[in-house]
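Residue numbers (UniProt numbering): 1 to 205.
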């Protein structure tokens with residue numbers, strides 16, 4: 001068994017591309033395919049940035065704080081959402097933490113970086129119990145007038161979906177046996193994961 005063993009420094013070194021390094025790391029992680037796809041997407045974005053700066057997309061070039069900070073600034077200038085930037089930083093930080101622990105790189109600039117948080121007021125306040133009672137009362141009132149909007153309104157409340165997400169739902173998104181909605185759109189959500197959302201059985205009826 002040990003005859004085929006190769007030390008990591010024979011497989012990956014500081015001149016290895018980020019994508020190749022991620023593939024090697026995948027062999028030592030219990031990732032789902034969606035998790036790996038998310039990491040790969042973020043790694044390729046950073047690789048594209050390195051290339052645009054005239055640099056090779058290697059572990060060596062990706063570990064410098066000045067380069068990482070410039071990448072963050074560029075994303076902010078391109079109006080990339082704060083949470084999206086933070087997710088990308090977390091993905092790259094995991095990659096470099098892995099290879100720092102193995103002695104392949106010396107630093108993890110992503111862990112040392114930060115993104116100035118946006119101070120944006122929420123679009124609306126959180127609903128209190130009295131607010132929910134008013135919403136249900138309004139739904140029942142409209143029902144008596146022949147206006148049936150209870151299903152979409154309650155679906156919004158139970159799932160936290162926004163209007164655009166509800167308009168994308170199809171019958172095949174509903175798992176009737178398990179009382180679930182499985183929301184898997186081609187457009188990635190903030191965590192790049194399929195959303196599995198349980199619904200109350202009475203609502204499913």
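Glycine is no exception: its CB is placed at the ideal position from the N, C-alpha and C atoms. From a predicted model like this one, the values you see are computed outputs, not experimental measurements.
Query: Residue 19, DSSP secondary structure in three states; Result: helix
Query: Residue 205 to residue 172 span [Cα, whole Å]; Result: 17 Å
Query: Residues of its chain near residue 139, where Cβ-Cβ distance is below 6 Å and the 5 sequence neighbours each way are ignored; Result: 150 and 153
Query: Buried versus exposed, by CB contacts within 10 Å (16 or more), residue 112; Result: exposed
Query: Endpoints, alpha helix (DSSP H) assigned at residue 106; Result: Run containing residue 106: none; DSSP gives neither H nor E here.
Query: Range covered by the beta strand (DSSP E) that runs through residue 183; Result: 180-183
Query: Residue 189 versus residue 137: straight-line alpha-carbon distance, rounded; Result: Residue placement at residue 189 is flagged as unreliable, the pLDDT there being 48, under the threshold of 50; a coordinate-derived value is accordingly withheld.
Query: Other residues of its chain near residue 162: CB distance less than 7 Å, five sequence neighbours each side excluded; Result: none
Query: Span separating the alpha-carbon of residue 13 from that of residue 130; Result: 60 Å
Query: Contained alpha helix (DSSP H) runs [length at least 4] in the UniProt domain "Core-binding (CB)" (13-100), N- to C-terminal order; Result: 18-26, 33-52, 59-62 and 65-77
Query: Test item: CB-CB of residue 115 and residue 72 under 8 Å; Result: yes
Query: Cutoff 7 Å; reference residue 198; Cβ partners in own chain excluding five residues on either side; Result: 179 and 180
Query: Candidates 59, 165 and 98: closest to residue 194 by CA position; Result: 165
Query: Residue 129 in three-state terms, based on DSSP; Result: helix
Query: Identity of the residues DSSP links to residue 175 by a beta bridge; Result: 180
Query: Same chain only: Cβ atoms within 7 Å of residue 167, ignoring 5 sequence neighbours per side; Result: none
Query: Beta carbon of residue 109 nearer than 8 Å to that of residue 63; Result: yes
Query: Helix, strand or coil at residue 196 according to DSSP, with G and I counted as helix; Result: strand
Query: Where residue 161 falls: helix, strand or coil (DSSP); Result: coil
Query: Alpha-carbon spacing of residue 28 relative to residue 61, whole angstroms; Result: 23 Å
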